[in-house]
Amino acid sequence: MSTLLSIEKRNAVLNTMADLLEQEREALKAINQQDLANYNGEDLAMEKRLLVDDAKVDGMILSVQQLASQEDPVGQVRYEFTHENGMRISNKTAAFGTILIIYESRPDVTVEAGGIAFKSGNKILLKGGKESLLSNQKIVSLWHQALESNGVSTDWVEYLNYDRVQTQAFLEKPTQRVDLIVPRGGEKLIEFTKKHASCPVIVSGRGNNFVYVSADADLDKAMNIIINGKTSNISVCNALDKVLIDVNLPNWESFANELVTKLKNFNVTVLGDDAFAKATQVPAIENDLIWYEEFLDYKIVIGTINSNQAAIEMINKYCGGHSASIITENRDLAQEFMENIDASSVYHNASTRFTDGGQFGLGGELAISTDKLHQRGPIGLQHLVTNKWYIYGEGQIR
Numbered sequence: 278m279s280t281l282l283s284i285e286k287r288n289a290v291l292n293t294m295a296d297l298l299e300q301e302r303e304a305l306k307a308i309n310q311q312d313l314a315n316y317n318g319e320d321l322a323m324e325k326r327l328l329v330d331d332a333k334v335d336g337m338i339l340s341v342q343q344l345a346s347q348e349d350p351v352g353q354v355r356y357e358f359t360h361e362n363g364m365r366i367s368n369k370t371a372a373f374g375t376i377l378i379i380y381e382s383r384p385d386v387t388v389e390a391g392g393i394a395f396k397s398g399n400k401i402l403l404k405g406g407k408e409s410l411l412s413n414q415k416i417v418s419l420w421h422q423a424l425e426s427n428g429v430s431t432d433w434v435e436y437l438n439y440d441r442v443q444t445q446a447f448l449e450k451p452t453q454r455v456d457l458i459v460p461r462g463g464e465k466l467i468e469f470t471k472k473h474a475s476c477p478v479i480v481s482g483r484g485n486n487f488v489y490v491s492a493d494a495d496l497d498k499a500m501n502i503i504i505n506g507k508t509s510n511i512s513v514c515n516a517l518d519k520v521l522i523d524v525n526l527p528n529w530e531s532f533a534n535e536l537v538t539k540l541k542n543f544n545v546t547v548l549g550d551d552a553f554a555k556a557t558q559v560p561a562i563e564n565d566l567i568w569y570e571e572f573l574d575y576k577i578v579i580g581t582i583n584s585n586q587a588a589i590e591m592i593n594k595y596c597g598g599h600s601a602s603i604i605t606e607n608r609d610l611a612q613e614f615m616e617n618i619d620a621s622s623v624y625h626n627a628s629t630r631f632t633d634g635g636q637f638g639l640g641g642e643l644a645i646s647t648d649k650l651h652q653r654g655p656i657g658l659q660h661l662v663t664n665k666w667y668i669y670g671e672g673q674i675r
């Protein structure tokens, strides 16, 4: 295990990295163009995530600058106790040691996730996708430059240029100690990692997020939140896939028809349960399995429900444990919904698109966890730590 670097050293490396990203901006964009040219373009969402333009570079620089300015997440006291025999006992946050991040297509993760792991005192192993190899290698070379110029060993940030077979072998029998693995990508990547990993894995799972329009909803809010959640960015895990409308909503059919018209203006394919399909003439779903699906596409399923309790049960059965929102003017109803929904992030009168480390004030995220151990939702700097007990005695024996 590497010795913990001082917070001054960690921040100096991050600030140097910000300067290098600015200096090498044009070179990085040019190398990224090679990755884009090599990509076959079969997946629009993937291509969007692969691109590095000025806005993406600005985001990378901002993320390391923000990390450098945040307080040290390591060594924070979480609990203190003095034993009757005089021993002083405290529990403090501690670095994990070595974190492996496996991700697809997004070169900005090489900066953001690498920075979050490094700032929280961890050695990082980065395993990016083949489609962004050249961009990732360029960014890692900048990490190494930032480390070296501050007198820090380059093995704090390592890139694993492995194919699927080599990755599987490394997961099953790591050639170095790994304390935590975070797979960040589609369901196939997550399943593959969980199946083969020999150490703890934090699952950054699927979205499949729900909005429930209650009988007491403000319909303008409902309309805007649904349109934003579905159409502002289809390629992200906080996008909206499912809507439930309470049939006790006055004139719910006219709201349903207006909603379908607006969604179709954005070229969204709308499917409904029997009652919704009948009211709006959209195609009916073929079976209930579709309620489990995350689309990452211009597609939405809308159903009807007759109570808050029924909505809670349905969402808990089908959602991915990511985000769910209730649209209502009744605060007590909203609170009951939020306390009973089994998801990482629950909303009252707001879009699910906000489930994001930056939007929650964490200064970026390593991933969005749909697991319950050891952290749920966006994983920021302060969550990428474990803990340790410190006991100070003067010869006490039990």
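Position in the sequence shown (first residue = 1) + 277 = my numbering.
Don't be surprised by glycine CBs; every beta carbon is placed ideally from N, CA and C.
Just so it is clear, the structure is predicted and the values come from calculations on it, not from any experiment.
Which two residues bound the contiguous beta strand (DSSP E) that contains residue i?
i, result
"His-660", "Careful: His-660 lies outside any beta strand (DSSP E) and carries neither H nor E."
"His-625", "622-625"
"Phe-487", "486-490"
"Val-547", "546-549"
"Arg-302", "That residue, Arg-302, is in no beta strand (DSSP E); its alpha helix (DSSP H) goes 302-315."
"Val-578", "576-582"
"Asp-523", "517-523"
"Ile-232", "For the chain, the structure presents residues 278 to 675; residue 232 sits outside this window and is missing."
"Ile-562", "From DSSP, Ile-562 is part of no beta strand (DSSP E); its letter is neither H nor E."
Just to confirm the assignment, what range does the alpha helix (DSSP H) spanning residue i have?
i, result
"Asn-505", "496-508"
"Ser-600", "Note, Ser-600: premise wrong, no alpha helix (DSSP H); beta strand (DSSP E) at 600-604."
"Leu-327", "321-327"
"Thr-431", "Premise fails: Thr-431 is in no alpha helix (DSSP H) and is neither H nor E."
"Arg-608", "608-617"
"Arg-483", "Neither: Arg-483 is in no alpha helix (DSSP H) and is coded neither H nor E."
"Lys-649", "Here Lys-649 belongs to no alpha helix (DSSP H), and DSSP marks it neither H nor E."
"Ile-592", "585-595"
"Leu-403", "Leu-403 -> not in any alpha helix (DSSP H); beta strand (DSSP E) instead, spanning 400-404."
"Leu-282", "From DSSP, Leu-282 is part of no alpha helix (DSSP H); its letter is neither H nor E."
"Pro-451", "Note, Pro-451: premise wrong, no alpha helix (DSSP H); not H, not E."
"Arg-542", "First, the residue type needs correcting, since residue 542 is Asn and not Arg in the sequence shown. Element bounds for Asn-542: 529-542."
Between the C-alpha atoms of residue i and residue j, what's the straight-line distance to the nearest angstrom?
i, j, result
"Ile-522", "Arg-653", "27 Å"
"Ala-260", "Lys-286", "This structure does not reach residue 260, given that the chain is present from 278 up to 675, and the question cannot be answered."
"Ile-458", "Ser-481", "11 Å"
"Leu-313", "Arg-326", "11 Å"
"Ser-646", "Arg-675", "41 Å"
"Glu-348", "Val-662", "13 Å"
"Ile-592", "Ala-474", "30 Å"
"Asn-542", "Leu-536", "10 Å"
"His-360", "Ile-366", "7 Å"
"Ser-622", "Phe-637", "11 Å"
"Glu-357", "Thr-452", "38 Å"
"His-651", "Gln-443", "28 Å"
"Gly-406", "Val-429", "27 Å"
"Lys-555", "Val-524", "13 Å"
"Val-455", "His-421", "20 Å"
"Lys-594", "Asn-485", "12 Å"
"Thr-375", "Val-545", "43 Å"
"Ile-401", "Asp-432", "8 Å"
"Gly-634", "His-660", "11 Å"
"Gly-391", "Lys-450", "23 Å"
"Phe-395", "Ala-289", "12 Å"
"Asp-574", "Glu-616", "30 Å"
Would residue i and residue j be called neighbours here (beta carbons separated by less than 8 Å)?
i, j, result
"Val-341", "Leu-403", "no"
"Val-334", "Leu-298", "yes"
"Thr-605", "Ser-491", "yes"
"Ala-423", "Met-337", "no"
"Ile-582", "Ile-618", "no"
"Leu-305", "Val-351", "no"
"Gly-601", "Ala-620", "Note that residue 601 is Ala in the sequence shown here, rather than Gly. In this structure, Ala-620 lies closer than 8 Å to Ala-601 by Cβ."
"Asp-495", "Glu-571", "no"
"Gln-257", "Gly-363", "Residue 257 lies beyond the range of the chain shown here (278 to 675); nothing can be said about it."
"Leu-344", "Ile-308", "no"
"Arg-461", "Tyr-380", "yes"
"Lys-665", "Ala-371", "yes"
"Gly-398", "Arg-483", "no"
Any idea which residues DSSP pairs residue i with across the strands?
i, result
"Val-354", "Lys-369"
"Val-290", "Paired residue(s): none; Val-290 is not in a bridge."
"Pro-460", "Ile-379"
"Glu-677", "No answer is possible for residue 677: it lies beyond the span of the chain, which begins at 278 and ends at 675."
"Tyr-569", "DSSP lists no partner for Tyr-569."
"Val-478", "Ile-458"
"Lys-665", "Lys-369"
"Glu-435", "Leu-402"
"Ile-645", "Pro-655"
"Thr-359", "Arg-365"
Run the proximity test for residue i: is its beta-carbon closer than 7 Å to any non-hydrogen atom belonging to the ligand MN?
i, result
"Val-578", "Ligands in the displayed structure: none, and consequently the ligand MN is not present."
Is it a yes or a no for the stretch 305-322 touching the stretch 431-439, going by three-plus beta-carbon pairs under 8 Å? no
Under 8 Å: do the stretch 413-422 and the stretch 382-398 share three or more Cβ pairs, one atom per stretch? yes
Take every Cβ of the stretch 536-555, pair it with every Cβ of the stretch 570-588, and state whether three or more of those distances are shorter than 8 Å. With a cut-off of 8 Å on Cβ pairs, the stretch 536-555 is in contact with the stretch 570-588, counting three or more such pairs.
When the Cβ atoms of the stretch 619-628 are set against those of the stretch 492-505, are three or more pairs found closer than 8 Å? yes
Whether or not the stretch 560-570 and the stretch 598-612 are in contact is what I'm after, with contact meaning three or more pairs of Cβ atoms, one per stretch, closer than 8 Å; do they touch? no
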